[in-house]
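In my numbering, the protein residues as written are 188 to 333.
Every residue, glycine too, gets a C-beta built ideally from N, C-alpha and C.
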């Protein structure tokens, strides 16, 4: 595995959830696009979504040993609440990009703090689902330089 894409709580409802904020693209469409984008550059991409914090942590722990070289994560609401996911990233020492579909800095004040941003390699926020594509472009560039 080269790239692991993790999506947190409620992202399984993309396409129907608050389309005025998140658009009409489904998570399955995003994942298929990222898998194809990675494959076009010779990278294997795995995707994972969970509404449960512990499952995300378990998947990150597994990534340490399964050959994952980079993680793209949209932690959803866990962005603003999960020290545990932050600690999991510190434990596995894998580089990662944080993605948010909406511009979290233009939303409610509680959404403007991330427990992950300061340890992320980069953060894509407010570019809609294109933020995932941008993150994958960056990951491809980064991994091809290694």
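TODO: Write down the C-beta distance between residue 246 and residue 330 rounded to the nearest angstrom, noting that I regard them as a contact closer than 8 angstroms.
DONE: About 20 angstroms; that fails the 8 angstroms criterion.
Open item on the list: For residue 233, report the span of its beta strand (DSSP E) as first-last.
Closed with: 232-236
Task: 8 angstroms contact criterion, which residue 316 and residue 217 should meet: CB distance rounded - done: 6 angstroms
Task: Three-state class that DSSP yields for residue 288 in the structure shown - done: coil
- [ ] Whole angstroms is fine: what's the gap from residue 265's alpha carbon to residue 196's?
- [x] 8 angstroms
TODO: Would you check if the region 268-276 and the region 198-211 touch, i.e. whether three or more CB-CB distances between them fall below 8 angstroms?
DONE: no
Open item on the list: Whole angstroms are fine: how far does the CA of residue 233 sit from the CA of residue 298?
Closed with: 27 angstroms
- [ ] Go through its chain and collect everything with a Cβ distance to residue 323's Cβ below 6 angstroms, but skip five positions before and after it.
- [x] 221 and 224
Task: Reduced DSSP secondary structure (H/G/I, E/B, other) of residue 190 - done: strand
Open item on the list: Assuming residue 303 and residue 262 are in contact, meaning their beta carbons sit under 8 angstroms apart, how far apart are those beta carbons, in whole angstroms?
Closed with: 6 angstroms
Task: Helix, strand or coil at residue 308 [DSSP, three-state] - done: coil
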